[in-house]
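Protein chains: 2
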Amino acid sequence: MKASIYDVAKRAGLSVVTVSRVLNNESTVREKNRLKVLEVMRELDYHPKAAARSLAKGKTNLIGMMLSTLDDSFFDAVIKEISDRLAAKGYYLTLSVDSDLSPMLFQEDRVDGVILLSPINEIAHMRELDKRKIPYILIDHQHPAPSVSSIVVDNYAGSVMAANHLLALGHKDIAHITGPPLFLSSRERERGFRHAMREAGLAPFAVVPGEFQIASGLEAADRWLAAGRLPTAVFAADDYTAIGVITALQAAGVRVPRDVSVIGFDDQVIASQYRPALTTIRQPAEHIGRQAVDIMLATLQGELPTPAKVELKPELVVRASTAKPRGE
Amino acid sequence: MKASIYDVAKRAGLSVVTVSRVLNNESTVREKNRLKVLEVMRELDYHPKAAARSLAKGKTNLIGMMLSTLDDSFFDAVIKEISDRLAAKGYYLTLSVDSDLSPMLFQEDRVDGVILLSPINEIAHMRELDKRKIPYILIDHQHPAPSVSSIVVDNYAGSVMAANHLLALGHKDIAHITGPPLFLSSRERERGFRHAMREAGLAPFAVVPGEFQIASGLEAADRWLAAGRLPTAVFAADDYTAIGVITALQAAGVRVPRDVSVIGFDDQVIASQYRPALTTIRQPAEHIGRQAVDIMLATLQGELPTPAKVELKPELVVRASTAKPRGE
DNA sequence: TAAATAAATTAAACCGGTTTTATTTTACGC
DNA sequence: GCGTAAAATAAAACCGGTTTAATTTATTTA
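The listed protein sequences derive, respectively, from chains A and B. Read in order, the letters of the first sequence correspond to residues 1 to 328 in the numbering used here. Read in order, the letters of the second sequence correspond to residues 329 to 656 in the numbering used here.
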């Protein structure tokens with residue numbers, strides 16, 4: 001049988017309370033006894049059981065995270081930051097891929113708080129979390145009600161930057177491929193694009209719907225190629241879509257950026273590795289992660305009287321997929 | 329305060345034992361009382377607390393999973409299958425991205441079992457899990473000791489298939505870009521390639537080291553382009569590497585598959601979307617996930633006297649990135 | 001209908017920690 | 001050396017479930 005706190009106490013010749021105090025780093029233990037307890041713990045390979053501790057303390061030290069997919073290097077970066085930062089504060093992160101079956105994780109009080117990173121059933125999750133009074137944070141979320149904490153990137157501003165970059169290079173025939181309108185980020189990116197174009201006194205070459213996937217870019221480019229009329233620049237709502245555009249154009253013998261410029265959004269890992277390396281709008285993944293943890297921990301310690309609303313600024317990263325239009 | 333089992337019992341006019349029996353689907357409860365209990369639970373919005381249950385039962389109903397990265401659609405597919413299948417059996421999955429800080433999750437008895445999906449610190453994890461007597465399964469693992477359960481794909485056979493596909497098309501100058509030799513899968517793939525070439529009486533055009541990343545393919549192709557001598561076909565140890573090769577070649581004006589054929593390994597999501605769509609060796613992700621869950625549950629129920637060793641066969645998926653060499 | 005048996009319920013102990021309250025030990029000032 | 005305050009320890013209750021053993025209730029059989 002595994003060692004319990006009683007075994008440690010007995011062997012150290014002390015009470016369980018003293019051992020518990022050592023476990024919790026309380027100052028009221030004589031240094032001599034503290035060392036003795038730690039020594040015995042090592043001897044017995046003792047580790048406190050999370051279940052017993054959670055039951056007594058009423059908290060689990062576990063933060064849950066729900067997300068729609070794992071196959072996304074931007075998510076990966078956000079998660080890594082969150083995981084490390086939580087660990088430094090004594091909390092652990094548990095990830096769940098969103099599916100109809102998963103809400104049990106917080107129904108059973110297994111986590112102290114939840115971070116929702118663009119999950120699929122967000123509305124249902126929020127309702128459930130409200131009912132169970134579990135604090136949560138939304139990252140990049142569709143519908144941030146005023147009563148919940150959320151972290152969003154200023155997608156509107158990012159799109160304006162993207163469009164202005166192309167405009168500054170001299171482009172006039174600029175197309176935009178959107179993301180799924182379900183996401184607020186998609187809608188904001190489109191709005192920013194349209195705004196910048198209007199400011200420049202230009203009409204978009206085209207605005208076509210996409211799905212944040214390589215296939216979206218392929219399809220859009222194919223259609224333009226088939227129609228025999230290409231834009232001089234494309235602003236794709238995300239990097240995968242941008243890569244699809246470039247891939248289809250190159251396969252048809254069109255050079256990027258010589259014939260057509262392409263800019264993406266997110267700065268996924270693949271963006272810098274692709275050829276040509278992708279000009280894009282960088283989302284501050286580490287920043288997002290850091291903010292998420294700070295807000296969550298403040299909320300758990302009751303130090304956050306009002307919900308936090310954080311808006312972060314994205315950043316233009318100029319690489320090799322954009323250039324002046326051919327004529328100039 | 330949240331409702332406890334005592335509140336439910338009192339309101340239903342029954343004992344806590346009866347309520348507990350209902351929770352655990354035991355047959356010794358009168359149907360009338362069972363319904364009454366369920367009704368009260370709904371009224372009070374009662375949900376049993378995982379910590380209390382875990383403490384009493386000595387099990388958590390949680391399976392942990394360690395992995396090195398999330399940014400991989402093959403992992404994504406495996407995880408999805410595992411998650412759904414576990415949920416159907418009343419277990420939950422908790423994911424951890426491998427880092428130096430994370431082993432606490434199983435040190436504190438938070439999980440009943442662990443699935444290691446190519447994590448980074450695999451040896452350290454295995455030692456820790458052995459010490460804590462927590463059952464675990466290795467997927468695609470470097471060093472499967474005879475005493476542990478593992479699921480591997482027959483990478484050797486997959487590579488032979490890949491090489492034979494190219495050979496059957498008439499290729500003779502075939503290059504291979506490996507994965508990191510740290511992984512057993514990399515070594516097996518290289519071994520399979522060399523074997524098939526030897527069988528055909530041919531020497532490899534080249535065997536160059538890679539890292540399972542787009543950049544690896546880019547670099548290899550760049551070097552061949554710079555040297556002015558290209559293979560007629562490339563077998564990349566994974567799809568990302570293959571895409572790197574194609575991207576670099578296309579950027580240099582070399583057509584795939586007309587000038588050079590390229591085959592990958594894994595069948596990542598991007599493989600079918602890329603242009604040209606990638607010929608590759610498909611890893612049976614769903615199969616792997618299913619096996620992992622079945623073995624894990626059998627182990628937990630003590631129905632698995634000896635460790636399971638499962639070897640699954642990969643499958644050739646012919647798409648558009650391979651063709652006969654130009655001369656033929 | 002009574003006795004025997006099976007089914008359902010209850011009370012109490014337990015899982016392994018933490019926390020509160022009461023008590024003992026130690027340290028300090030005079 | 002004594003009284004008192006502060007520090008450390010001990011005993012017991014608690015967190016919210018499950019499980020065992022004992023008891024009551026319902027059902028079957030003679």
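Glycine included, every Cβ here is placed at the ideal spot set by N, Cα and C.
Chain order gives the chain A residues near B/ILE407 as LEU70, VAL97, where near means a beta carbon separation below 8 Å.
Among the residues of chain A, those whose CB is under 8 Å from the CB of B/LEU546 are GLN273, ARG275, following chain order. At a C-beta separation below 8 Å, B/PRO376 has these neighbours in chain A: GLU108.
The criterion of a C-beta distance shorter than 8 Å is satisfied by A/ALA233 and A/ILE174. Boundaries of the alpha helix (DSSP H) harbouring A/ARG198: 184-199, taken from the DSSP string.
DSSP places A/ALA175 in the uninterrupted beta strand (DSSP E) bounded by 174-177. B/SER478 and B/LYS637 have their alpha carbons spaced roughly 5 Å apart. Counting only Cβ-Cβ distances below 9 Å, A/PHE75 has contacts in chain B at LEU398, ASP399, in chain order. Interface annotation for the segment 570-604 of chain B against chain A: GLY572, THR575, ALA576, GLN578, ALA579, VAL597, ILE598, GLN601, TYR602, ARG603, PRO604, criterion Cβ-Cβ distance under 8 Å. Look at B/THR388: its C-beta is under 8 Å from a C-beta on chain A. The beta carbon of B/GLN619 sits closer than 6 Å to those of ILE479, VAL638, all from its chain and outside the five residues before and after it, given in chain order.
Looking at the DSSP output, A/LYS309 sits in a beta bridge with A/SER150.
Contact annotation: A/GLY179 and A/GLY210 have beta-carbon atoms nearer than 8 Å. Rounded to the nearest whole angstrom, the C-alpha separation of A/ILE120 and B/GLY386 is 33 Å.
For the 8 Å CB-CB criterion, B/SER401 and B/VAL597 form a contact.
Here B/GLN629 is exposed, its C-beta having fewer than 16 other C-beta atoms within 10 Å. Within chain A, the residues placing a beta-carbon under 7 Å from that of B/LEU433 are TYR92, ordered along the chain. With respect to the C-alpha of B/ASP468, the residue from B/ASN483, B/PRO474, B/ALA549, B/ARG455 having the closest C-alpha is B/ASN483. Less than 8 Å divides the Cβ of B/HIS493 from the Cβ of B/ILE591. For B/ILE616, no Cβ of chain A is located within less than 8 Å of the residue's own Cβ. Three or more beta-carbon pairs drawn from the segment 214-222 of chain A and the segment 238-254 of chain A are found closer than 8 Å, and the two stretches are therefore classed as touching.
Using a CB distance below 9 Å, no part of the segment 12-28 of chain A faces chain B. A residue is called buried when at least 16 other Cβ atoms come within 10 angstroms of its Cβ; A/ALA226 does not meet this threshold and is exposed. Scanning its chain for C-beta atoms nearer than 6 Å, with the 5 sequence neighbours on each side dropped, one finds around A/PRO284 the residues LEU312, in chain order. The continuous stretches of beta strand (DSSP E) do not include B/ALA648, and DSSP gives it neither H nor E. Each residue's CA atom was taken as its position, placing B/VAL345 and A/ASP109 some 21 Å apart. Partner residues in the beta bridge of B/PHE563, as assigned by DSSP, are B/HIS504, B/ILE591.
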